[in-house]
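So the structure is just underneath, and the comments pick up after that.
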Amino acid sequence: VAVLNLKSLHPVIPQEFTDVFDKDKYAESQKYTRATTRFGLLQNSIMTPVTILFILLGGFNWVDNFARSLEQDSIITGLVFTGLLLLLSGLAGLPFSIYATFVIEERFGFNKTTVKTFILDIFKSIILGIVIGGPLLSLVLWFFETGGGLAWLYCWLIVVCFILVMQFIAPVAIMPLFNKFIPLEEGELKDSITDYARSQGFKIKGIYTMDGSKRSTKLNAFFTGFGKFRRIVFFDTLMEKLSTNEIVAVLAHEMGHYKKNHIFKMMAASILQMGIMFYILSLFLNNKGLFAAFGMDHLSIYASLIFFGFLYSPISMILGIVVNFFSRRHEYEADAFAASTTSGPQDLVSGLKKLSISNLANLTPHPLHVFLNYSHPPVLARIKALQDKR
């Protein structure tokens, strides 16, 4: 599919983009697509054999024996086992992350991440994983060890509660660890955003700019939180490139997701999917055939979680295709909402064009690649849909 996507790169600039893309910029966007796609293929061609080799050489069994040698209870042993595997996985992926950030993104003018920031991000992520992920995994292991036939249900409920709580905690306690969030200063833009939100009966706790330029020149905007805790966040890079009307149109699109209940629908689908996953997982706990396939000497709940992840990945991929299908429909609906509640589609269209040129978006992805992998419709399709509504 990735190869088909490369072959679908069209040499001629789409008519809708001739006003913003010149030949050089369009050629650069295609070079960026080729570079990232080929790098992804290279990474997969290396990591897949490495993973298979790790299994064949008894890597999981070695890690398990080391964790057991510490002679702790099963939950601590499970935490050590999982932590070591995550550490090994992170180390294996580190060279690819370094190359993607400091070579590919640098080559195309996106990277603003310093070595210091890169290293700090890694350590912060590790600490958060220990502080937040450790207790959550401990609870899951404890429920599966003591909860009997309903353990999957208890695990499902505790993870759902965790996800919902994180919706409120993350914007105020976690995200600020990585970026600065500054309240939008008084002026025309804030007035326009506030007026639009008020006209739609949409309550927001605050409007913030985020120092996205600390890591990249790419543009973005998003909502965080629920209910009265909702916040609007704009990358500072977006504030520099888009006009007031275009920013309001982007906001209107994001607001459309809330007004059309897309956020709650997708979260409900995700929660349901998670429940199904935990139930299927409960059927494979301590499965001797599964452990034999991974070369393990001992059965354990904690290793069952890891091995089930491998087993579940094809199902997850299929479910991902379904989720992406509905996500693309939601994007069209949010675009239509933005066009109908602002002065028309022209501001969102011009904003999407600027986002595309700034992010060097692939304007002509292969339809099969879109079907399998895209959570958003191609920008060209979105623009055509908006123009058809005029």
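Residue numbers (the working numbering): 81 to 470.
Beta carbons: idealized from backbone N, C-alpha and C, even for Gly.
Quantities reported herein were computed from a predicted structural model and do not represent experimental measurements.
Straight-line gap, residue i to residue j (C-alpha atoms, nearest Å)
{"i": "asparagine 85", "j": "valine 211", "result": "40 Å"}
{"i": "methionine 127", "j": "isoleucine 207", "result": "25 Å"}
{"i": "glutamate 334", "j": "asparagine 325", "result": "14 Å"}
{"i": "threonine 131", "j": "glycine 389", "result": "13 Å"}
{"i": "aspartate 271", "j": "isoleucine 287", "result": "11 Å"}
{"i": "glutamate 268", "j": "asparagine 259", "result": "25 Å"}
{"i": "alanine 414", "j": "phenylalanine 405", "result": "15 Å"}
{"i": "glutamate 265", "j": "phenylalanine 314", "result": "12 Å"}
{"i": "tyrosine 276", "j": "lysine 340", "result": "17 Å"}
{"i": "leucine 385", "j": "alanine 465", "result": "43 Å"}
{"i": "valine 450", "j": "leucine 443", "result": "11 Å"}
{"i": "histidine 342", "j": "histidine 410", "result": "7 Å"}
{"i": "alanine 172", "j": "leucine 391", "result": "21 Å"}
{"i": "aspartate 201", "j": "tyrosine 412", "result": "34 Å"}
{"i": "glycine 281", "j": "isoleucine 262", "result": "24 Å"}
{"i": "threonine 422", "j": "threonine 181", "result": "37 Å"}
{"i": "alanine 383", "j": "serine 396", "result": "19 Å"}
{"i": "threonine 304", "j": "isoleucine 249", "result": "10 Å"}
{"i": "threonine 194", "j": "glycine 120", "result": "23 Å"}
{"i": "lysine 368", "j": "isoleucine 135", "result": "16 Å"}
{"i": "leucine 428", "j": "valine 92", "result": "24 Å"}
Contact check, residue i vs residue j, beta carbons under 7 Å
{"i": "isoleucine 238", "j": "leucine 221", "result": "no"}
{"i": "proline 251", "j": "arginine 311", "result": "yes"}
{"i": "phenylalanine 101", "j": "isoleucine 437", "result": "yes"}
{"i": "alanine 416", "j": "alanine 329", "result": "no"}
{"i": "lysine 434", "j": "lysine 321", "result": "yes"}
{"i": "aspartate 377", "j": "asparagine 124", "result": "no"}
{"i": "glutamine 247", "j": "phenylalanine 344", "result": "no"}
{"i": "glutamate 96", "j": "isoleucine 463", "result": "yes"}
{"i": "valine 81", "j": "leucine 460", "result": "no"}
{"i": "valine 143", "j": "leucine 167", "result": "no"}
{"i": "leucine 257", "j": "lysine 192", "result": "no"}
7 Å CB neighbourhood of residue i in its chain, flanking five on each side removed
{"i": "leucine 440", "result": "Glu108, Ser109, Tyr112, Phe188"}
{"i": "threonine 116", "result": "Ile184"}
{"i": "phenylalanine 242", "result": "Leu216"}
{"i": "tryptophan 232", "result": "Phe358, Tyr359, Leu361, Ser362"}
{"i": "isoleucine 351", "result": "Val240"}
{"i": "glycine 336", "result": "Glu413, Ala414, Phe417, Ala418"}
{"i": "isoleucine 284", "result": "Ala277, Arg310, Arg311, Ile312"}
Coarse secondary structure for residue i, derived from DSSP in three states
{"i": "valine 92", "result": "coil"}
{"i": "alanine 301", "result": "strand"}
{"i": "phenylalanine 97", "result": "helix"}
{"i": "arginine 311", "result": "strand"}
{"i": "threonine 157", "result": "helix"}
{"i": "phenylalanine 258", "result": "coil"}
{"i": "tyrosine 288", "result": "strand"}
{"i": "serine 455", "result": "coil"}
{"i": "serine 296", "result": "strand"}
{"i": "glutamate 108", "result": "helix"}
{"i": "phenylalanine 119", "result": "helix"}
{"i": "proline 445", "result": "coil"}
{"i": "glycine 228", "result": "helix"}
{"i": "phenylalanine 282", "result": "coil"}
{"i": "valine 429", "result": "helix"}
{"i": "methionine 127", "result": "helix"}
{"i": "aspartate 102", "result": "coil"}
Cut-off 6 Å between Cβ atoms - residues of its own chain near residue i, not counting five sequence neighbours on either side
{"i": "phenylalanine 387", "result": "Leu370, Phe374"}
{"i": "threonine 297", "result": "Phe190, Thr317"}
{"i": "tyrosine 234", "result": "Phe223, Gly227"}
{"i": "aspartate 291", "result": "Asn259, Lys260, Asp316"}
{"i": "leucine 244", "result": "none"}
{"i": "serine 407", "result": "Ser455"}
{"i": "alanine 301", "result": "Phe314, Leu318, Val330"}
Cut-off 8 Å between Cβ atoms - residues of its own chain near residue i, not counting five sequence neighbours on either side
{"i": "isoleucine 381", "result": "Ser154, Gly158, Leu221, Phe224, Glu225, Leu365, Asn366"}
{"i": "leucine 150", "result": "Ile156, Thr157, Val160"}
{"i": "methionine 319", "result": "Leu269, Thr289, Ile327"}
{"i": "arginine 148", "result": "Thr157, His378"}
{"i": "methionine 354", "result": "Trp236, Val239, Val240"}
{"i": "proline 458", "result": "Asn442, Leu443, Thr444, Pro445, Val450"}
{"i": "isoleucine 401", "result": "Phe451, Leu452"}
N- and C-terminal bounds of the alpha helix (DSSP H) containing residue i
{"i": "methionine 335", "result": "324–339"}
{"i": "threonine 317", "result": "316–321"}
{"i": "leucine 264", "result": "Counting along the chain, leucine 264 falls outside any alpha helix (DSSP H), and DSSP gives it neither H nor E."}
{"i": "isoleucine 243", "result": "231–249"}
{"i": "asparagine 191", "result": "Looking at the DSSP string, asparagine 191 is not in any alpha helix (DSSP H), and its letter there is neither H nor E."}
{"i": "phenylalanine 417", "result": "381–421"}
{"i": "lysine 368", "result": "368–373"}
{"i": "phenylalanine 140", "result": "139–149"}
{"i": "phenylalanine 358", "result": "342–364"}
{"i": "valine 83", "result": "82–87"}
Residue i CB to nearest heavy atom of the ligand COA below 6 Å
{"i": "glutamate 225", "result": "The ligand COA is not among the ligands present in this structure, which contains no ligands whatsoever."}
The beta strand (DSSP E) enclosing residue i, as first and last residue numbers
{"i": "isoleucine 199", "result": "Note, isoleucine 199: premise wrong, no beta strand (DSSP E); alpha helix (DSSP H) at 195–208."}
Cutoff 7 Å: residue i Cβ touching any chain B Cβ
{"i": "histidine 446", "result": "Among the chains of the structure shown, chain B does not appear; only one protein chain is present."}
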